[in-house]
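4 protein chains.
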Amino acid sequence: MAAVQPESTLLPRVGRPRSEDCRHKVLAAADELFAREGLARMSVDAIAQVAGVSKATIYRWWPNKSAIVMEALLTSTEAEVHVPISPFPEEDLIAKIRRTVALFRGPRGRVVASLIGQAQSDPEIAEAYRQQLLGPRRAAMRAAIERGIAAGLYRPDIDQDLAIDILYGPLYQRLLLRHAPLDEAFERDYPPIAVAALRVYAARK
Amino acid sequence: MAAVQPESTLLPRVGRPRSEDCRHKVLAAADELFAREGLARMSVDAIAQVAGVSKATIYRWWPNKSAIVMEALLTSTEAEVHVPISPFPEEDLIAKIRRTVALFRGPRGRVVASLIGQAQSDPEIAEAYRQQLLGPRRAAMRAAIERGIAAGLYRPDIDQDLAIDILYGPLYQRLLLRHAPLDEAFERDYPPIAVAALRVYAARK
Amino acid sequence: MAAVQPESTLLPRVGRPRSEDCRHKVLAAADELFAREGLARMSVDAIAQVAGVSKATIYRWWPNKSAIVMEALLTSTEAEVHVPISPFPEEDLIAKIRRTVALFRGPRGRVVASLIGQAQSDPEIAEAYRQQLLGPRRAAMRAAIERGIAAGLYRPDIDQDLAIDILYGPLYQRLLLRHAPLDEAFERDYPPIAVAALRVYAARK
Amino acid sequence: MAAVQPESTLLPRVGRPRSEDCRHKVLAAADELFAREGLARMSVDAIAQVAGVSKATIYRWWPNKSAIVMEALLTSTEAEVHVPISPFPEEDLIAKIRRTVALFRGPRGRVVASLIGQAQSDPEIAEAYRQQLLGPRRAAMRAAIERGIAAGLYRPDIDQDLAIDILYGPLYQRLLLRHAPLDEAFERDYPPIAVAALRVYAARK
DNA sequence: CACTAAACGAGACGGTACGTCGAGTCTTGGA
DNA sequence: TCCAAGACTCGACGTACCGTCTCGTTTAGTG
Numbered sequence: 001m002a003a004v005q006p007e008s009t010l011l012p013r014v015g016r017p018r019s020e021d022c023r024h025k026v027l028a029a030a031d032e033l034f035a036r037e038g039l040a041r042m043s044v045d046a047i048a049q050v051a052g053v054s055k056a057t058i059y060r061w062w063p064n065k066s067a068i069v070m071e072a073l074l075t076s077t078e079a080e081v082h083v084p085i086s087p088f089p090e091e092d093l094i095a096k097i098r099r100t101v102a103l104f105r106g107p108r109g110r111v112v113a114s115l116i117g118q119a120q121s122d123p124e125i126a127e128a129y130r131q132q133l134l135g136p137r138r139a140a141m142r143a144a145i146e147r148g149i150a151a152g153l154y155r156p157d158i159d160q161d162l163a164i165d166i167l168y169g170p171l172y173q174r175l176l177l178r179h180a181p182l183d184e185a186f187e188r189d190y191p192p193i194a195v196a197a198l199r200v201y202a203a204r205k
Numbered sequence: 001m002a003a004v005q006p007e008s009t010l011l012p013r014v015g016r017p018r019s020e021d022c023r024h025k026v027l028a029a030a031d032e033l034f035a036r037e038g039l040a041r042m043s044v045d046a047i048a049q050v051a052g053v054s055k056a057t058i059y060r061w062w063p064n065k066s067a068i069v070m071e072a073l074l075t076s077t078e079a080e081v082h083v084p085i086s087p088f089p090e091e092d093l094i095a096k097i098r099r100t101v102a103l104f105r106g107p108r109g110r111v112v113a114s115l116i117g118q119a120q121s122d123p124e125i126a127e128a129y130r131q132q133l134l135g136p137r138r139a140a141m142r143a144a145i146e147r148g149i150a151a152g153l154y155r156p157d158i159d160q161d162l163a164i165d166i167l168y169g170p171l172y173q174r175l176l177l178r179h180a181p182l183d184e185a186f187e188r189d190y191p192p193i194a195v196a197a198l199r200v201y202a203a204r205k
Numbered sequence: 001m002a003a004v005q006p007e008s009t010l011l012p013r014v015g016r017p018r019s020e021d022c023r024h025k026v027l028a029a030a031d032e033l034f035a036r037e038g039l040a041r042m043s044v045d046a047i048a049q050v051a052g053v054s055k056a057t058i059y060r061w062w063p064n065k066s067a068i069v070m071e072a073l074l075t076s077t078e079a080e081v082h083v084p085i086s087p088f089p090e091e092d093l094i095a096k097i098r099r100t101v102a103l104f105r106g107p108r109g110r111v112v113a114s115l116i117g118q119a120q121s122d123p124e125i126a127e128a129y130r131q132q133l134l135g136p137r138r139a140a141m142r143a144a145i146e147r148g149i150a151a152g153l154y155r156p157d158i159d160q161d162l163a164i165d166i167l168y169g170p171l172y173q174r175l176l177l178r179h180a181p182l183d184e185a186f187e188r189d190y191p192p193i194a195v196a197a198l199r200v201y202a203a204r205k
Numbered sequence: 001m002a003a004v005q006p007e008s009t010l011l012p013r014v015g016r017p018r019s020e021d022c023r024h025k026v027l028a029a030a031d032e033l034f035a036r037e038g039l040a041r042m043s044v045d046a047i048a049q050v051a052g053v054s055k056a057t058i059y060r061w062w063p064n065k066s067a068i069v070m071e072a073l074l075t076s077t078e079a080e081v082h083v084p085i086s087p088f089p090e091e092d093l094i095a096k097i098r099r100t101v102a103l104f105r106g107p108r109g110r111v112v113a114s115l116i117g118q119a120q121s122d123p124e125i126a127e128a129y130r131q132q133l134l135g136p137r138r139a140a141m142r143a144a145i146e147r148g149i150a151a152g153l154y155r156p157d158i159d160q161d162l163a164i165d166i167l168y169g170p171l172y173q174r175l176l177l178r179h180a181p182l183d184e185a186f187e188r189d190y191p192p193i194a195v196a197a198l199r200v201y202a203a204r205k
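Residue numbers (the working numbering), protein chains in the order written: chain A, 1 to 205; chain B, 1 to 205; chain C, 1 to 205; chain D, 1 to 205.
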């Protein structure tokens, strides 16, 4: 029995193959339009026009506007998750948080905020966001915390969700509520404070 | 010095006065429709129909759907801010946080989440939300923290914004990201943890 | 004794009397707005605003926009009907027709055209137009034709309606269809032709 | 030599072609609603609903209500222009006029009157009416008059516009002013009188 | 090398909601 | 009682965007 190319047995390999070029043009157009107009004010028609791609083609591959923007975001932030592991788990946590602050301070920050905004009224987007964006990052976080537990820094029975809430909550709040700026000071000062806060929760005897 | 009726001197008292009845019917209809459909799926036409009020009248007083829902939310949560002051500032903080958790766990939680969602693409809503909803609550919080400072619990030079982020961030994150439930356990356990975390930041050395 | 005001015995003379000033301001405003915008594009609100009069007051005295414009037209063209009677009935007819051509060539022409236009979809305006504007003019015309009959110019059994159609039809057609201009040549040449045409119908055999 | 399909070479045959079915359904609905309600009281929404066609589709092809009704009128009266040519030009003129009287006495009469009414406040409709409806009919009329000139009945230098005004003016006046009925007697008696009137103008001296 | 089947561009289509406008009525307080 | 101001209802307007559809036209791989 021959080695099988993934998915090749299910999908019929006949007909014209999907144009990778289209995909890129659409994602690029989505990116550009998001920057110019924001998620709400950009239309799928506009994406189609800017990308020079037919609307039908867009709807063949993405279910809606947010899904396009989400995919554009994912392709441009794939690398950002991986932070080299150091011998000091708390340093790793700080580095991870700081990196996310940096990301949110840039143009991607508004994209993330918009997607979370849309997710409030669209369960599919919410689910996709949690699965594709949040999931890997929380998993990486969890691993770092586990290393902290292994190093004896934290109690082994802590609530991981709560731990991550403590570490990231203030950051998301600033991103979404915008009551105070995500400025350089925040990027510098906040991460160690977050980790200190976690220590109170996770290590208090 | 005579007490002056507010605004009565400025606004010209001519013409038919605004119908208070209309206002209430619209807010009630918005409330009902939000519960039935959610912000995104409810239409201004529907509000008009349910309220038995003309669309033109709605647009005379509110710029858009979200503004109506926001006002409905405000009128129904005005009392919630005020928590009696106790001799123990940290008890007050815990009580305030727990009360907000309770609010967010109820039907108003989805309203708040939707408004913040809309605020991501509509700066006016964002501003209104910060001014009208967030403002008073953060002010009350700040006052409680000041009492903590006065009591010697916290350093006097702490960053108030950051303090409030630490206290509320995790709560908002759960409300908006929904990666973990806003359940009874959270309502019970989280508030004291938050205050403990604040203490680490505000009292360290 | 004193001259009695007509109708003063029937109407209860209580309350504030109707302001004649209002009436004039409204008619003047209607006139101005008609010239600026035309019947369709002018709004009753605009009349009220320009006249400095409340909309309620307008609707108290006129049923609708066209009625205002009609009254404005009537007050400004009352004198135009009466042409001095000469010993030559056909001269009188020519003079009457020419006077109407002159009227239609001026700004009142568009007013008349607009009213007839509105009359196509509003029976009340149609009726009012026929009664108040057309009636007197057709009666005067009929009288002139009667003098022609008395002078032996026309058969006594002619159809008066048809006679007037022959005399005025082409004029109204130009006013309303605008396929050819109501110019000086028409004002000069048409009236005698019309009367000649009438003679063919009314005197043949 | 092959017959070429008109416009097929110019128009790019790309994209989904216009649905002829839609066009017919819209025109039929317009016709029905006009009969039921008249031009002023029928709405584009109603046409869309009755036709089972989206409002956007209607507005893609017609600029407004009147344009739809006009097109419906045109499609249903295309054949009416052509009257067979006889050896007697004046007989042809009489036949043409009588045919128009008959048309105006039927339901199309109100359609024509409404369109002319609307044309008083909408220059585009006025122009369309003159171009599409009036134009061909006046051209046919002009041809018949030319035959009269060729036959020596009329002077060759007569004003064609005026000639047609004399022939049709009274008819349009009755249609639009409705001071007298467009009855059987008018259909019987008027056409020959009109032609006699023309003769006075066109053949005198 | 023709054939086939899916991808694609163009753009029409049904649908839903939008926010606006004007007509005409109603409700105040003041003259 | 009349009036000015202006809030209100009603109904229609024309627009925008969504997601689907129907064409005719590529563009691989297959037979």
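Where is the CB? At the ideal position from N, CA and C, for every residue including glycine.
Legend entry - Cβ neighbour criterion (16 or more within 10 Å) applied to residue 178/B: buried
Inset, instruction - For the segment 103-128 of chain D, enumerate the residues whose C-beta is nearer than 9 Å to any C-beta of chain C, in chain order. - result: Considering only beta carbons, the part of the segment 103-128 of chain D lying closer than 9 Å to chain C consists of 110, 113, 114, 115, 116, 117, 118, 119, 120, 121, 122, 126, in chain order.
Inset, instruction - Would you be able to state if there are at least three C-beta pairs under 8 Å between the segment 194-203 of chain A and the segment 105-122 of chain A? - result: no
Inset, instruction - Using only alpha-carbon positions, find the residue among 28/B, 202/B, 51/B that is nearest to residue 165/B. - result: 202/B
Inset, instruction - Residues of the segment 134-152 of chain D with a CB closer than 8 Å to any CB of chain C: list them in chain order, please. - result: 134, 138
Legend entry - Alpha-carbon to alpha-carbon, residue 40/D and residue 171/C: Rounded to the nearest angstrom, the two C-alpha atoms are 26 Å apart.
Legend entry - Neighbouring residues, chain C, relative to residue 156/D (Cβ below 9 Å): The premise fails here: residue 156/D is roughly 17 Å from chain C at the closest Cβ pair, so nothing lies under 9 Å.
Inset, instruction - Kindly indicate if chain D contains any beta-carbon less than 8 Å away from that of residue 209/C. - result: The first residue shown for chain C is 1 and the last is 205, placing residue 209/C beyond what the model contains.
Inset, instruction - Just the C-alpha distance for residue 146/B and residue 183/A, rounded to the nearest angstrom, thanks. - result: 24 Å
Inset, instruction - Take the Cβ of residue 20/A as the centre, count every other Cβ of all protein chains shown within 10 Å, and call the residue buried at 16 or more, exposed below. - result: exposed
Legend entry - chain A residues whose Cβ lies nearer than 9 Å to that of residue 45/B: The premise fails here: residue 45/B is roughly 18 Å from chain A at the closest Cβ pair, so nothing lies under 9 Å.
Inset, instruction - Scan the segment 31-97 of chain C and note each continuous alpha helix (DSSP H) run of 4 residues or more that stays entirely inside, going in chain order. - result: 44-51, 55-61, 65-77
Inset, instruction - Using a Cβ-Cβ cut-off of 8 Å, state whether residue 130/D counts as contacting chain C. - result: Taking a beta-carbon distance threshold of 8 Å, residue 130/D counts as an interface residue toward chain C.
Inset, instruction - Kindly say whether residue 94/D, judged by its beta-carbon, lies nearer than 8 Å to any beta-carbon of chain C. - result: no
Legend entry - C-alpha distance - residue 105/B paired with residue 127/B, whole-angstrom precision: 24 Å
Inset, instruction - Compare the C-alpha of residue 185/A against each of 43/B, 161/B, 155/B, 91/B and name the closest. - result: Ranking 43/B, 161/B, 155/B, 91/B by Cα distance to residue 185/A puts 161/B first.
Inset, instruction - Ignore the nearest five residues each way along the sequence and tell me which others in residue 44/D's own chain have a CB closer than 7 Å to its CB. - result: 55, 58, 65
Legend entry - Three-way DSSP call (helix, strand, coil) for residue 191/D in this model: helix
Inset, instruction - Using a threshold of 8 Å, state whether the C-beta atoms of residue 72/D and residue 27/D are closer than that. - result: yes
Inset, instruction - For residue 89/A, count neighbouring C-beta atoms within 10 Å of its own C-beta (all shown protein chains included) and say buried if the count is 16 or more, exposed if not. - result: buried
Legend entry - Minimum C-alpha distance to residue 134/B - residue among 168/B, 31/B, 91/B: Cα-wise, what sits closest to residue 134/B is 168/B.
Legend entry - Alpha-carbon spacing of residue 34/C relative to residue 159/D, whole angstroms: 33 Å
Legend entry - Beta-carbon proximity check, residue 96/D vs residue 140/D, cutoff 8 Å: yes
Inset, instruction - For the alpha helix (DSSP H) containing residue 132/D, list its first residue and its last residue. - result: It is not in any alpha helix (DSSP H) - residue 132/D carries neither H nor E in the DSSP assignment.
Legend entry - residue 70/C beta carbon less than 8 Å from that of residue 129/C: yes
Inset, instruction - Provide the residue span of the alpha helix (DSSP H) that contains residue 174/A, from first to last. - result: For residue 174/A, the uninterrupted alpha helix (DSSP H) segment begins and ends at 160-177.
Inset, instruction - Would you mind stating whether residue 190/C and residue 83/C have Cβ atoms separated by less than 8 Å? - result: no
Inset, instruction - Drop a sphere of 10 angstroms on the beta-carbon of residue 122/C, count the other beta-carbons inside from all chains shown, and report buried for 16 or more, exposed for fewer. - result: Result: buried.
Legend entry - Beta carbon proximity, residue 179/B to chain A, threshold 8 Å: Cβ-Cβ to chain A under 8 Å: yes for residue 179/B.
Legend entry - Residue-chain proximity (residue 29/A, chain B), Cβ-Cβ < 8 Å: Closer than 8 Å: no.
Inset, instruction - Would you mind sorting residue 62/A into buried or exposed? The rule is 16 or more other CB atoms within 10 Å of its CB. - result: A residue is called buried when at least 16 other Cβ atoms come within 10 angstroms of its Cβ; residue 62/A meets this threshold and is buried.
Legend entry - For residue 139/D, three-class secondary structure by DSSP: Note: residue 139/D maps to helix in three-state DSSP.
Legend entry - Distance, residue 119/D Cα to residue 180/C Cα: 15 Å
Inset, instruction - Could you check if residue 15/D is buried or exposed, using at least 16 other CB atoms within 10 Å of its CB as the buried criterion? - result: Residue 15/D comes out exposed.
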